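Residue numbers (full-length UniProt numbering): 1 to 313.
We put the CB at the ideal spot given by N, CA and C, even for glycine.
Predicted model, so just to flag it, every value in this text is computed and none were measured.
The block underneath contains the structure these notes are about, expressed in structure tokens.
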């Protein structure tokens, strides 16, 4: 067959008509996958962020002022004299450098207390998630009940018990109660149940791996994000602990930073006391620096730990 021929009049032409442009008043269709923005929600989030950052901004600004500048200038703006480095030097050397001793005490409580609490939470959470035994539901009820009980409610009974044991006014009075973290145990329980496949553990056991080797070589790497999350929670809780050391420790040499800075503040507020409000503010700023650094370094592990188990593959 021969190809069909067209004359000049019959040759098809492309249409020169363009689709009508959408009217300005018409709204473009939103993609179903794209979240819809809410102006009200954005404003509320901005106000919440401003409310959360306002105390930090006040602390940073006032840490740069002298004792006189604290009371002679606006609280949310800098004064004429920039005295941050002088304040830091005075804070570290005031009263024979007791601030450094308080910092080391707090570090001891965090390493021993928060580190030990994380270790016990990992062991307990893994065991409760991957082993079946009689009374497991009762243990679950006890853990949930312990999470609901505030730590301040147990402070006085703990003090009475430790006083009979002769542990008050010693670091053990702060470290031992910090080893128990019901929330950390519950968090690791939930995380281990989702993050560690039971089939993987059974395969390791069939290959002749013992329980300890299976835990350290197979389960522990998978529990990394959850461990970091529990560590951050317990670290912040121990670092900011105030009420328990208040009733347990009377010797200033064993004070954590929370008690030490409060003692300086009371000294400055007492009639005839030495005004050291600038040192209290600067010490408070130095106190939060390690926590900020820890969160920045462990942020990605912490976020993945919180999100684990929310989406199942």
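Under a Cβ-count criterion, where at least 16 other Cβ atoms within 10 Å of its own Cβ denotes burial, should residue i be classed as buried or exposed?
i	result
residue 182	buried
residue 51	exposed
residue 256	buried
residue 251	exposed
residue 58	exposed
residue 41	exposed
residue 104	exposed
residue 206	exposed
residue 200	exposed
residue 135	exposed
Give me the Cβ distance between residue i and residue j, rounded to the nearest whole Å; I'm assuming they're in contact under 8 Å.
i	j	result
residue 110	residue 238	5 Å
residue 93	residue 278	Between residue 278 and residue 93 the Cβ distance is about 14 Å, and since that is not below 8 Å, they are no contact.
residue 291	residue 236	6 Å
residue 232	residue 133	About 30 Å separates the two Cβ atoms, so there is no contact after all.
residue 114	residue 270	The pair is not a contact, with the Cβ atoms about 33 Å apart (cut-off 8 Å).
In angstroms with no decimal places, state the Cα-to-Cα distance between residue i and residue j.
i	j	result
residue 108	residue 116	11 Å
residue 146	residue 84	43 Å
residue 228	residue 197	20 Å
residue 123	residue 156	28 Å
residue 45	residue 39	10 Å
residue 202	residue 211	10 Å
residue 219	residue 293	28 Å
residue 120	residue 179	8 Å
residue 287	residue 166	30 Å
residue 336	residue 194	For residue 336 there is no data in the structure shown, the boundaries of the chain being 1 and 313.
residue 176	residue 112	9 Å
residue 253	residue 168	14 Å
residue 188	residue 127	10 Å
residue 192	residue 224	10 Å
residue 118	residue 230	6 Å
residue 77	residue 62	8 Å
residue 64	residue 80	10 Å
residue 276	residue 267	8 Å
residue 27	residue 49	Residue placement at residue 27 is poorly supported in this model, since its pLDDT is 49, which falls under 50; the coordinates are not used for a value here.
residue 215	residue 74	57 Å
residue 213	residue 221	12 Å
residue 37	residue 54	26 Å
residue 209	residue 149	40 Å
residue 71	residue 43	33 Å
residue 249	residue 56	29 Å
residue 96	residue 47	43 Å
residue 247	residue 265	18 Å
Please identify the residue among the options whose C-alpha is closest to the C-alpha of residue i.
i	options	result
residue 242	151, 168, 268 and 100	151
residue 143	184, 154 and 132	184
residue 99	263, 154 and 274	263
residue 319	269, 78 and 261	An answer regarding residue 319 cannot be provided, because it is not within the stretch 1 to 313 covered by the chain.
residue 106	248, 240 and 296	240
residue 68	60, 82 and 56	82
residue 245	269, 158 and 298	158
residue 190	70, 140, 55 and 73	140
residue 298	265, 249 and 226	226
residue 60	289, 125 and 217	289
residue 186	125, 301 and 300	125
Please check if any C-beta of chain D sits within less than 8 Å of the C-beta of residue i.
i	result
residue 267	Considering every chain present, this structure includes no chain D. It has just one protein chain.
Take every Cβ of the region 146-163, pair it with every Cβ of the region 171-191, and state whether three or more of those distances are shorter than 8 Å.
Remark: three or more beta-carbon pairs, one from each stretch, lie closer than 8 Å, so the region 146-163 and the region 171-191 are flagged as touching.
Please confirm if the region 85-105 is in contact with the region 274-289, defined as three or more CB-CB distances below 8 Å between the two stretches.
Enough Cβ pairs lie closer than 8 Å, so yes.
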